[in-house]
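A short worksheet on the structure shown next.
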Amino acid sequence: MTSQPDCPFCEIINGNQPADVVAETTQYLCFLDKYPVTEGHALVVPKDHIQQFSQLTGTGLFSFLQRAHTEIREEFSPDATNIGLNNGEEAGQTVAHLHWHIIPRYAGDIPDPTGGVRGVIPDKRVYEE
47 MTSQPDCPFC EIINGNQPAD VVAETTQYLC FLDKYPVTEG HALVVPKDHI
97 QQFSQLTGTG LFSFLQRAHT EIREEFSPDA TNIGLNNGEE AGQTVAHLHW
147 HIIPRYAGDI PDPTGGVRGV IPDKRVYEE
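The sequence shown runs contiguously to residue 175 in this note's numbering.
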């Protein structure tokens with residue numbers, strides 16, 4: 047397993063920082079986000095320190111995401127979820143360790159959820175006719 051000394055996710059993976067673990071395999075770890083957008087917001091990270099999606103190798107990612115998603119839904123009972131990846135600084139990635147967000151969504155948590163992840167570009171949030 048590769049690790050970076052200044053990476054906060056590697057610190058969690060290596061047991062040097064506490065985290066509320068949701069699910070774990072030999073390749074992936076899911077834990078609750080330290081700065082949640084909503085209750086139950088979790089992160090899925092590969093245990094190897096990689097920065098970009100194009101560097102990802104191995105198998106089992108989608109089955110692990112599904113398992114983590116199921117755990118979050120059972121624990122927090124959201125009405126819906128967003129699952130997203132910020133791949134690169136220009137896409138909003140702030141920690142240089144590849145990770146997915148599982149964000150539980152609750153009825154009324156924002157006035158109008160139309161467009162979902164399209165909202166990262168405000169002018170594209172609403173579909174044009």
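Virtual Cβ for every residue (Gly too), placed ideally from N, Cα, C. It should be emphasised that the depicted structure is a prediction, and the values quoted were computed from it without experimental measurement.
Do you know offhand how far Met-47's Cα is from Pro-157's? Locating residue 47 in the sequence shown gives position 1, where the first residue counts as 1. Locating residue 157 in the sequence shown gives position 111, where the first residue counts as 1. For Met-47 and Pro-157, the distance between alpha carbons rounds to 43 angstroms.
Give the DSSP-derived three-state secondary structure of Cys-76 in the structure shown. Numbered from 1 along the sequence shown, position 30 holds the residue referred to as residue 76. Of the three classes helix, strand and coil, the one that applies to Cys-76 here is strand, per DSSP.
Using alpha carbons as the reference points, say which of Asp-52, Cys-76, Gln-97, Asn-62 lies closest to Leu-144. Looking up residue 144 in the sequence shown gives position 98. The option with the nearest alpha carbon to Leu-144 is Gln-97.
Just the Cα atoms here: how many angstroms apart are Thr-84 and Thr-116? The count along the sequence shown starts at 1 and reaches residue 84 at position 38. The count along the sequence shown starts at 1 and reaches residue 116 at position 70. The alpha-carbon atoms of Thr-84 and Thr-116 are separated by roughly 17 angstroms.
Buried versus exposed, by CB contacts within 10 Å (16 or more), Pro-150: Position 104 of the sequence shown, counting from 1, holds the residue named residue 150. It is buried - the Cβ of Pro-150 has at least 16 other Cβ atoms within 10 Å.
Local conformation of Ile-148 per DSSP, three classes: To locate residue 148, count along the sequence shown from 1; it is residue 102. It is a strand residue.
Which of the three DSSP states is assigned to Ala-88 in this structure? In the sequence shown, the residue the question calls residue 88 occupies position 42. Reduced to three states, the DSSP call for Ala-88 is strand.
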